[in-house]
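A.B. asks:
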Amino acid sequence: MKEGIIVSIKYGTYTVYSEGVFFNTSPRGTLSFKNKFMVGDKVLLSEENYIIEALLDRKSSLKRPMISNIDQILLVFSLKEPDFSYYLAFKYLTYANYNGIKASLVLTKSDKSEEKEIDEIKNVFSQIGIDTYVTCSKNSEGIEEIKTLFKDKISVLIGQSGVGKSSLLNAISEDFSREVGEYSIALGRGKHQTKEVILLPYMGGFIADTPGFSSLELDMDKLDVAHYFPSFEKDSLNCFYSNCLHISEKNCKIKERILEGKIPSIVYDNYLKLLEEVERR
Ligand SMILES: Nc1nc2c(ncn2[C@@H]2O[C@H](COP(=O)(O)OP(=O)(O)OP(=O)(O)O)[C@@H](O)[C@H]2O)c(=O)[nH]1
Ligand SMILES: [Mg+2]
Ligand SMILES: [Zn+2]
């Protein structure tokens, strides 16, 4: 048997990458009844006919976008068109944290933004230990730096439609030839150009291009948010109440840190907003 990884699933065709070769195949009948395969799945192929014979254990998996065995998430946000949103950034970071996957921020379209705005965003996220990379697919700013992140890892680009995920991939390597869509000012979003998750082999690892989504429904409750909100994880374990929501409970470690000025107020404001959203649902 040959080990490989599913890089795309489209119209019943499973493309598996193994030892530098792409195989268009499908799982053995009984196997596809038992399992729902996803891009990122490690599988075993028969040496005779390259049929998928087994699904190997998943290290991790995400529902949206649907993908498995991810080492890192790059949350892609444009500075303009669409405008950067702190709220969405915190929401996606909470989602990544909840799923136990390391996430960093990639800001795109730096050609459309002011230095001052970029520094402000970087400053907020560096205070809570999140790496931020600034890029431009038009003038190649930050592209060389970002290339080094992908070595030997499975990385996924996640972000709204039109932020420039596919453009970023094209800037990283001409070989990718990803289709790029227009951002519509009238609609305030991209045109959902990328329709399927696909893994692209790169520097001993893979980068996933994914469809942008316009809304992310969190399947978390308030306590999950209170625990997995970026930079809350460690301290929230030391709050007096184990179900502390860090609002006005006594001996709350998160509130202490805010009063000491160790958490920027924009972080806490967005936390309260996310709690509210989860409660409304
Ligand atoms: N000015 C500028 N425009 C950019 C940059 N990167 C991407 N764009 C434009 O943004 C629009 C959307 O780019 P895409 O790469 O298709 O965005 P996407 O995130 O892949 O969108 P979906 O596939 O719909 O999720 C296109 O018109 C790009 O030309 C950039 O760095 N600067
Ligand atoms: Mg795209
Ligand atoms: Zn608390």
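Residue numbers (this note's numbering): 5 to 285. Don't be surprised by glycine CBs; every beta carbon is placed ideally from N, CA and C.
My understanding is that arginine 198 touches glycine 216, with C-beta atoms under 8 angstroms, so please give their C-beta distance in whole angstroms.
C.D. replies: As a position in the sequence shown, residue 198 is number 194, starting the count at 1. As a position in the sequence shown, residue 216 is number 212, starting the count at 1. In the sequence as presented, arginine is not what sits at residue 198; that position holds threonine. Rounded, the Cβ-Cβ distance is 7 angstroms, consistent with contact.
A.B. asks: So, at 6 angstroms on beta carbons, what are the nonlocal neighbours of aspartate 154 in its own chain, with the 5 sequence-adjacent residues on each side left out?
C.D. replies: Here residue 154 corresponds to residue number 150 of the sequence shown, with the count starting at 1. The residue you asked about is not aspartate; residue 154 is phenylalanine in the sequence shown. Closer than 6 angstroms at the Cβ level, and outside the excluded window around phenylalanine 154, lie Tyr206, Met207, Gly209, Ile211.
A.B. asks: Taking glutamine 164 as part of the beta strand (DSSP E), name the residues at either end of that continuous run.
C.D. replies: Mapped onto the sequence shown, residue 164 falls at position 160. Segment: none, glutamine 164 is in no beta strand (DSSP E) and carries neither H nor E.
A.B. asks: Closest by CA to tyrosine 18, which one among Lys6, Thr34, Asp45, Met5?
C.D. replies: Numbered from 1 along the sequence shown, position 14 holds the residue referred to as residue 18. Out of Lys6, Thr34, Asp45, Met5, Asp45 has the C-alpha closest to the C-alpha of tyrosine 18.
A.B. asks: With H, G and I counted as helix, E and B as strand and the rest as coil, what does DSSP make of asparagine 28?
C.D. replies: Counting from one through the sequence shown, the residue named residue 28 turns up at place 24. Note: asparagine 28 maps to strand in three-state DSSP.
A.B. asks: For lysine 116, collect the residues of the same chain with a Cβ closer than 7 angstroms to its Cβ; drop the 5 residues on either side in sequence, then sort them by chain order.
C.D. replies: The residue given as residue 116 occupies position 112 in the sequence shown. Correct list, in chain order: Leu83, Lys84, Glu85.
A.B. asks: Should arginine 193 be listed as close to ligand 5, given that the test is whether its C-beta is under 7 angstroms from any heavy atom?
C.D. replies: Among the ligands present in this structure, namely ligand 1, ligand 2 and ligand 3, ligand 5 is not found.
A.B. asks: Distance, Cα to Cα, asparagine 73 vs serine 64?
C.D. replies: Counted from its first residue, the sequence shown places residue 73 at position 69. Counted from its first residue, the sequence shown places residue 64 at position 60. So the alpha carbons of these two residues sit roughly 5 angstroms apart.
A.B. asks: So, leucine 220 versus tyrosine 96, is the Cβ gap smaller than 8 angstroms?
C.D. replies: Here residue 220 is taken as the residue at index 216 of the sequence shown, counted from 1. Here residue 96 is taken as the residue at index 92 of the sequence shown, counted from 1. Against a cut-off of 8 angstroms, the Cβ pair of tyrosine 96 and leucine 220 comes out as a contact.
A.B. asks: Is threonine 112 near ligand 2, going by C-beta to nearest heavy atom under 7 angstroms?
C.D. replies: Within the sequence shown, the letter at position 108 stands for residue 112. Because no heavy atom of ligand 2 lies under 7 angstroms away, the Cβ of threonine 112 does not count as near it: no.
A.B. asks: So if DSSP puts proline 205 in a beta bridge, which residue, or which two residues, is it bridged to?
C.D. replies: As a working mapping, residue 205 is identified with position 201 in the sequence shown. Phe210, per the DSSP bridge assignment.
A.B. asks: When the Cα of lysine 238 is compared with those of Glu148, Glu283, Asn101, which residue comes out closest?
C.D. replies: What you label residue 238 is simply residue 234 of the sequence shown in a count that begins at 1. Ranking Glu148, Glu283, Asn101 by Cα distance to lysine 238 puts Asn101 first.
A.B. asks: Determine whether the beta carbon atoms of valine 20 and glycine 33 lie at a separation below 8 angstroms.
C.D. replies: In the sequence shown, the residue the question calls residue 20 occupies position 16. In the sequence shown, the residue the question calls residue 33 occupies position 29. No, these two residues do not count as a Cβ contact at 8 angstroms.
A.B. asks: Report the rounded CA-to-CA distance for glutamate 119 versus glutamate 51, giving the unit in angstroms.
C.D. replies: Sequence index remark: in the sequence shown, residue 119 carries index 115 (1-based). Sequence index remark: in the sequence shown, residue 51 carries index 47 (1-based). Roughly 55 angstroms separates the two Cα atoms.
A.B. asks: Should methionine 5 go down as buried or exposed, given a rule of 16 or more other Cβ atoms within 10 Å for buried?
C.D. replies: In the sequence shown, residue 5 corresponds to position 1, counting from 1. With fewer than 16 other Cβ atoms within 10 Å, it is exposed.
A.B. asks: Might you give, ordered along the chain, the residues of its own chain that have their beta carbon closer than 7 angstroms to the beta carbon of arginine 68, omitting 5 neighbours on each side?
C.D. replies: Along the sequence shown, read from residue 1 onward, the residue named residue 68 stands at position 64. So the list reads Phe217, Leu220, once near-sequence residues are dropped.
A.B. asks: Per the DSSP calculation, arginine 193 is bridged to which residue(s)?
C.D. replies: As a position in the sequence shown, residue 193 is number 189, starting the count at 1. DSSP, once it has assigned bridges, lists Ser188 as partnering arginine 193.
A.B. asks: The beta strand (DSSP E) that contains glutamate 148, what's its start and end?
C.D. replies: Here residue 148 refers to the residue found at position 144 when the sequence shown is read from its first residue. It is not in any beta strand (DSSP E) - glutamate 148 instead sits in the alpha helix (DSSP H) that spans 147–151.
A.B. asks: For lysine 46, write down the residues that DSSP places opposite it in a beta bridge.
C.D. replies: Residue mapping note: residue 46 aligns to position 42 of the sequence shown, counting from 1. According to DSSP, which records beta bridges pairwise, lysine 46 is partnered with Ile9.
A.B. asks: Using a Cβ-Cβ cutoff of less than 6 angstroms, which residues in the same chain neighbour threonine 3 once the five nearest sequence positions on both sides are dropped?
C.D. replies: In the structure as shown, the chain starts at 5 and stops at 285, and residue 3 therefore has no counterpart that could be examined.
A.B. asks: Going by DSSP in three states, tyrosine 54 sits in which element: helix, strand or coil?
C.D. replies: Walking along the sequence shown from the start, residue 54 turns up at place 50. Note: tyrosine 54 maps to coil in three-state DSSP.
A.B. asks: Do valine 80 and lysine 169 have their CB atoms nearer than 8 angstroms?
C.D. replies: Counted from its first residue, the sequence shown places residue 80 at position 76. Counted from its first residue, the sequence shown places residue 169 at position 165. Yes.
A.B. asks: Look at the alpha carbon of isoleucine 10 and the alpha carbon of phenylalanine 236, and state the distance between them as a whole number of angstroms.
C.D. replies: Taking the first residue of the sequence shown as position 1, residue 10 is located at position 6. Taking the first residue of the sequence shown as position 1, residue 236 is located at position 232. Using only the alpha carbons, I get a separation of about 35 angstroms.
A.B. asks: Identify the residues that DSSP records as bridge partners of glutamine 131: which are they?
C.D. replies: Within the sequence shown, numbered from 1, the residue matching residue 131 stands at position 127. Note: glutamine 131 sits in no beta bridge, so no partner.
A.B. asks: Count the other CB atoms within 10 Å of the CB of alanine 190; is the residue buried (16 or more) or exposed (fewer)?
C.D. replies: Here residue 190 is taken as the residue at index 186 of the sequence shown, counted from 1. By the neighbour-count rule (16 or more Cβ atoms within 10 Å), alanine 190 is not buried but exposed.
A.B. asks: Give the list of continuous beta strand (DSSP E) stretches no shorter than 3 residues that lie fully inside the region 201–277.
C.D. replies: Taking only runs of at least 3 residues, the beta strand (DSSP E) segments lying wholly in the region 201–277 are 202–206, 209–213.
A.B. asks: Please list, following the chain, all residues that have a C-beta closer than 5 angstroms to any non-hydrogen atom of ligand 3.
C.D. replies: Those residues are Cys243, Cys248, His250, Cys256, Ile258, given in chain order.
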